[in-house]
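Colleague: This is the structure I have questions about; it appears just below.
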Amino acid sequence: MKKELTSKDGYQLELQKTQRYRLEKEKEDDEIRKAREEICKERGTPWDHGRKNFDLAICAWHSEDKCETEEEREDEKRWNRKLKPATRFQGAKSSKEIEETMRTEHEAEIRIKEDEKRKRELERWHKFDAMFKAEADRRRRS
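Its first residue numbered 4, the sequence shown is counted upward by one per residue in this note's numbering.
Spelled out as C-alpha cells, the structure:
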C-alpha cells in the first residue's frame with residue numbers, strides 16, 4: 004500500500020532538498036575558495052601590482068594585434084576600391100601601367116608597415132622579458 008503525501012510531508016521533502024542543495028553549494032564554494040588560495044600562494048595575489056601590470060600588458064598586446072589585423076584588412080579593401088576607379092576609364096595598356104604602379108606603391112607601403120610591426124613586436128618582447136624577469140625576482144625574494 005502506498006502512503007499518500009500530505010502537505011506536511013511535501014513541505015518536509017522540499018525543506019530537505021533545499022538543505023541538501025545549500026550544503027552542496029557551500030561545499031562547492033569552499034572548494035573554489037581553496038583553489039583560489041592555492042593559486043594565490045603560487046602566483047601572488049591577483050591584485051599584486053607587478054602581476055596586474057603584466058596581465059594588463061598581455062591583454063593590451065592581444066587587443067593591439069587584433070586591431071592591426073583588422074586595419075590591414077581594411078587597408079587591403081581600401082586599396083582594391085581605389086584600384087577600380089583609377090583603371091576604369093583608361094585604355095588597356097595605360098590601365099595596366101597604372102595598376103602596376105599602384106601595386107608597387109602598395110607593396111612598398113606593406114613592407115614599411117611590416118617593418119614597423121616587427122619593431123613594435125621586438126619592443127614588446129623586450130618589455131615582456133623585463134617584466135618576466137622582474138616577476139621571477141619578486142618570486143625569489145618572497
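Note that the Cβ used here is the ideal one computed from N, Cα and C, for glycine as well.
(1) Please report how far the alpha carbon of residue 119 lies from the alpha carbon of residue 98, in whole angstroms.
(2) CA-CA distance, residue 38 and residue 30?
(3) Measuring straight from C-alpha to C-alpha, what distance separates residue 63 and residue 100?
(4) Just to confirm before moving on: does the CB-CB distance between residue 135 and residue 60 stay below 8 Å?
(5) Can you tell me the Cβ-Cβ gap for residue 82 and residue 109, rounded? I've got them flagged as a contact below 8 Å.
Modeller: For this structure:
(1) For this step, residue 119 is matched to residue 116 along the sequence shown. For this step, residue 98 is matched to residue 95 along the sequence shown. Answer to the nearest angstrom: the Cα atoms are 31 Å apart.
(2) As a working mapping, residue 38 is identified with position 35 in the sequence shown. As a working mapping, residue 30 is identified with position 27 in the sequence shown. A straight-line Cα-Cα distance of about 12 Å links residue 38 and residue 30.
(3) Residue 63 sits at position 60 when you count from the first residue of the sequence shown. Residue 100 sits at position 97 when you count from the first residue of the sequence shown. Rounded to the nearest angstrom, the two C-alpha atoms are 42 Å apart.
(4) Counting from 1 along the sequence shown, the entry for residue 135 is found at position 132. Counting from 1 along the sequence shown, the entry for residue 60 is found at position 57. Contact: no.
(5) Reading the sequence shown from its first residue, position 79 is the one you call residue 82. Reading the sequence shown from its first residue, position 106 is the one you call residue 109. That belief holds up - the Cβ atoms of residue 82 and residue 109 are roughly 5 Å apart, short of 8 Å.
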